[in-house]
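First to last, the protein sequences are chains A, B and C. Per our numbering, numbering of the first sequence is gapless, rising by one per residue and ending at 276. Per our numbering, numbering of the second sequence is gapless, rising by one per residue and ending at 588. Per our numbering, numbering of the third sequence is gapless, rising by one per residue and ending at 1010. From the three backbone atoms N, C-alpha and C, an ideal C-beta is built for every residue, glycine too. One structure below.
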Amino acid sequence: MATTARQKVGWGTANTVAIFLALVPLLWIVSLSFKDPATITDATFWPKKWTWENYRGIFKTSEFTRALINSIGIALISTLIAVVLASMAAYAVARLSFPGKGLLIGMSLLIAMFPAISLVTPLFNIERTLHLFDTWPALIIPYVAFGLPLGIYTLSAFFREIPWELEKAAKMDGATPFQAFTRVIAPLAAPGMFTTAILVFIFCWNDFLFAISLTSTTNSRTVPAAIAFFTGSSQFTAPTGSIAAAAVVITIPIIVFVLFFQRRIVAGLTSGAVKG
Amino acid sequence: MTIDTEPAVTSPAPVKRGRRRKQISEGAKAERRLGWLLCAPAVIVMIAVTAYPIGYAIYLSLERYDLRFPSQAKFIGLSNYGAVLSSPYWWHALWVTLIITAISVSIELVLGMLLALLMHRTLFGRGTVRTAILVPYGIVTVVAAFSWQYAWTPSTGYLSAMFGNGAPLTHTVQAIAIVILAEVWKTTPFMALLLMAGLALVPEDLQKAAKVDGATAWQRFVRVTLPLMKPAILVALLFRTLDAFRIFDNIFVLTAGNNNTGSVSILGYDNLFTALNLGIGSAISILIFICVAIIAFLFIKGFGAAAPGAGK
Amino acid sequence: MKTFARRVAAASATTILLMAVLTACGGGSSGGRVTLNFYNFPDNSGAIQQAADTCTAQSGGRYKIKYNKLPSGADGQRQQMVRRLAARDKSMDILGLDVTWEAEFAEAGWIREWTGDNKTKAEDGTLKAPLQTATWKGKLYAVPYNSNTQLLWYRSDLVPTPPKTWDEMINMAIQLAKEGKPHLIEIQGAQYEGVVVWFNSLIASAGGSVLAPDATKASMGQPAIDALTIMQKLAHSPAADPSLSVQMEDANRLAMESGTAAFELNYPFVYPSMKADKPDLFKNFKWAQYPSVKEGEPSHVTIGGIDLAISKYSKHPDLAFEAALCLRNRDNQKVAATKGGLPPTLANLYDDESLQADYPFRKDILTALENASVRPQTPAYQNVSIVISHAVSPPTSIKPDKTEHKITSQLKDALVSKGLIP
């Protein structure tokens, strides 16, 4: 169907409005990061005086770079493990019948619901006893445990929608089980898996409470916790410029990650055999 | 729980009372084993990490235990719960929490659906639109909250300048509105993402068929698309509501709970970490958990009849 | 896309390997001399790191002081330390405590008492008020490192002679407002610790205190009503900054630098800032003592600062005591004053002429410190602070009699940690 000019304008306007509302507060952060510290308290949106000083400042010591590496590594590993384990469990929940299914669902919901503030101190005690305090596993293990409920729920909802008979149909058409799985089922499962991956990754990336409680040095401190250690020019001045610069720097991997995965979701949809 | 669809492949095992053991077929047994095996790693990780902490939190809630007066620790049963439930601070925080939850989730559902439609259907620039819409969710929450707080601070922020420099963060109602704004901006992408993935699974052909039958866009949306999206909507709504009820980061940075803007999580945090009153803090946490459990139960019951069997 | 089984195997193997490596790597310290872990607020100026290095060198190879940074906010610092002390963490030795935490940490059994020779050395030459903050139930639990106190900063082009009392200052401001000149009085009015400092300074200057000396009940009374009356008067006068209810120290500094204010009650950090940011205004930027409440009597400003305590679970307490005394000795406090702008706690440093360039107001700070008051000393200080800050902020909501009554009745429960805090 040919697209009319009116349709184009309509969608174009909608695009612009959505992008504007989503990005204006982000642009405010970018603007803060370029403001000279002396003019940072001007109530203007754009800086009167542009400077790279804030960025130079956060990379002066290796603390922030270390925090960045910790964040990326811990989030990636946690996401990988959580998605793998959640896929297995979600597959079982969506396709198989076995007693205890309700219990599993209930338990994961229970874990997702329990307020993390009361879990932090006992977790801290356990990790100290196991000598895991202030290491990467110290954060990876809780992130996996708390990311699993979201993963299991999301993936089982998606897996339920997949027409599993297609696998049988492909086998009858002569495909090996492996081919049937990779050519037919996997592309249909892809959207759900990548959606879950994005959600779990961002959960790990954003977390502040566990990061500040279960780490104490740059060995494993992630970016949200590292920001709490930024200082301003005096003990009473908030390090606004540094925080803004740090925020911009850590949002770039997210943009890359999202750009990469959102294309995978589309690819999964268009290459699948969703007919009838 | 109601996620118990009919398995698509194997034959169901006939289960009769009293003669259960003899009637289960080999196939069903194999299926069971496979099911448990696949679930085992996830279950083991979740239990290993949370069993002791949750148990310890429950135990603490039954004790009078203030870290600053360690010699006075003793078991007092449900007295902490009595103290919390009879305190006006708890009820006010609960009220604030419910308002924030209800309003922000409603806005996010509508906005999320609109954005999902946009991300799915827009004619051009899909990659850009999708990325732009998802970016707010990826910004570290405390940083985003900090930027909002800065924007609303009198004489230093651009939003404050636009609205008359009246220090809105110190007036309860205005501050709560700003908190809701920050929440909605930050987590609508979550809803939008899940709803878009749900949208993607609605077969195009059904839409085309309905169009051929003469249905308007709105009718197609309500009669064809929405019902098929119910599972995705349920997951999105459920998790979003659970998270909204436990809101903490945004309020903590924007107002620190001052001027009566604290949620129940902030109340729990203050009593647990600031006052070091482990008994009361744990009791508040358990009560938050009970509230959230009630909400989840209501949701699943409400959606329950519609959730399984969708899409077939 | 690989099959599940292969992915699971690969992921599990990687994880286990990673965990094993990391667990083995963590926790092995080098043999040889003792490492004393010093935890303090993050210091950008380099003064603390310099002190740690100097004292390590002076130890003659017996110990090495490692400076570990805590989060920049006081609450974050307290949380980190409390969590680990409650878990009896042996890896902390010297702790930098805010002046309001000593009673709490001592009562919880987390810090050691200073006795004998160490106590004598700690008290020698130290100012009275900082020493008081380190004392609980008659015992010394920490050694003062640095202090901090507010002065009255004013513009001499608008105000030829500085006011001596609060009433005088408010009247001057009202007069300036009538003349259409900059007239605001900058003070911290947000709902946080800063407003508690304001209230405490006023009640102490009025001759009273928040708590009775034994810290088991409230004192308050008429001095509290006097203090609240002043706060209410300021809040409703033209001298009040429109953002008073949300202002903290830095906002006051900025308002003063923007030229809209005539008076400011703030810490000395505003001096170098004004010098750098607004050289024109700096020419007329002068200071005086914090205004008093009673005519003829000096004011009693409430001090801040950091004291150094030794953890109960430290593995090397003797060395830690010695290291702490070194970290806060005369030379290191001088460096902290010049590099970091932190007022010292040793009296004779204030006579030191070499501080003149950066610290021209040091004699006034000494006077303030000699007359200073401290915040209520009780293990339940956090509760007390919250009760007060919620009652007096926003300052426009104060009604002296009612507010005094409200604070007194809430203090009763707060002191024994009964019930919830908001």
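The three-state secondary structure of Pro-751 of chain C, taken from DSSP, is coil. With respect to Ser-118 of chain A, Ser-558 of chain B sits close: the two C-beta atoms are nearer than 8 Å.
Following the DSSP letters along the chain, one finds Lys-866 of chain C in no alpha helix (DSSP H), marked with neither H nor E. Nearest neighbour of Ala-75 of chain A by Cα position, chosen from A:Ala-92, A:Thr-129, A:Met-113, A:Phe-203, turns out to be A:Phe-203. Listed along chain A, no residue sits closer than 8 Å to Asn-788 of chain C by beta-carbon distance, the nearest being about 18 Å off. Straight-line measurement puts the Cα of Asn-632 of chain C at about 19 Å from the Cα of Met-862 of chain C. Of the residues assessed, Leu-822 of chain C falls on the buried side of the cut-off, its CB having 16 or more other CB atoms within 10 angstroms. The continuous alpha helix (DSSP H) containing Ser-977 of chain C extends over residues 969 to 980. Here Trp-367 of chain B is exposed: its Cβ has fewer than 16 other Cβ atoms, across all protein chains shown, within 10 Å.
With a 10 Å radius around the Cβ and a threshold of 16 neighbouring Cβ atoms, Pro-239 of chain A comes out buried. The DSSP-derived three-state label of Trp-371 of chain B is helix.
For Pro-905 of chain C, the CB contacts under 7 Å within the same chain, skipping 5 residues up- and downstream, are Arg-700, Ile-898 in chain order. Interface flag for Ile-375 of chain B against chain A is unset, since no Cβ pair is found closer than 8 Å. A Cβ of chain B is located within less than 8 Å of the beta carbon of Ser-1005 of chain C.
Burial check for Val-411 of chain B: the Cβ neighbour count within 10 Å reaches 16 or more, so the residue is buried. Within chain A, Pro-25, Trp-28, Ile-29, Leu-32, Ala-244, Ala-247 have C-beta atoms less than 8 Å from the C-beta of Ser-423 of chain B, given in sequence order.
Along the region 326 to 351 of chain B, the positions whose C-beta sits under 7 Å from a C-beta of chain C are Asp-342, Leu-343, Arg-344, Phe-345, Pro-346, read in chain order. DSSP, reduced to helix, strand and coil, places Glu-958 of chain C within a helical segment of the structure shown. The region 844 to 860 of chain C and the region 809 to 817 of chain C do not touch, with fewer than three beta-carbon pairs separated by less than 8 Å. Proximity of Ser-833 of chain C to chain B, defined by a Cβ-Cβ separation below 8 Å, is satisfied.
Residue contact with chain B for Gln-235 of chain A: absent (no Cβ-Cβ distance below 8 Å to any residue of chain B). Trp-28 of chain A and Pro-886 of chain C have their C-alpha atoms some 47 Å from each other. From the beta-carbon of Trp-461 of chain B, the residues of chain A found nearer than 7 Å are Pro-25.
Taking C-beta atoms under 8 Å as the contact rule, Glu-167 of chain A and Phe-181 of chain A qualify, at a distance of about 7 Å. Thr-531 of chain B has its alpha-carbon roughly 21 Å from the corresponding atom of Leu-842 of chain C. By the beta-carbon neighbour count (other beta carbons within 10 angstroms, threshold 16), Phe-114 of chain A is buried. Scanning chain C for C-beta atoms nearer than 8 Å to the C-beta of Pro-430 of chain B yields Pro-830, Ser-831, Val-834, reported in chain order.
Rounded to whole angstroms, the separation of the alpha carbons of Ser-347 of chain B and Ala-138 of chain A is 32 Å.
Minimum Cα-Cα distance from Val-319 of chain B among the listed residues A:Leu-32, A:Thr-129, A:Ser-33, A:Leu-104 corresponds to A:Leu-104.
For the region 496 to 514 of chain B, the residues whose beta carbon sits under 8 Å from a beta carbon of chain A are, in order, Pro-507, Ala-508, Leu-510, Val-511, Leu-514. Counting of Cβ neighbours within 10 angstroms places Ile-570 of chain B among the exposed residues, the total staying below 16. Rounded to whole angstroms, Asn-959 of chain C and Leu-673 of chain C show a C-alpha spacing of 34 Å. The region 400 to 411 of chain B makes contact with the region 465 to 482 of chain B, as at least three CB pairs between them are under 8 Å. Rounded to the nearest whole angstrom, the C-alpha separation of Leu-457 of chain B and Ile-682 of chain C is 44 Å. Under the three-state reduction of DSSP, Asn-553 of chain B is assigned to strand. Under the 10 Å beta carbon count, Leu-313 of chain B is surrounded by fewer than 16 other beta carbons and is classified as exposed.
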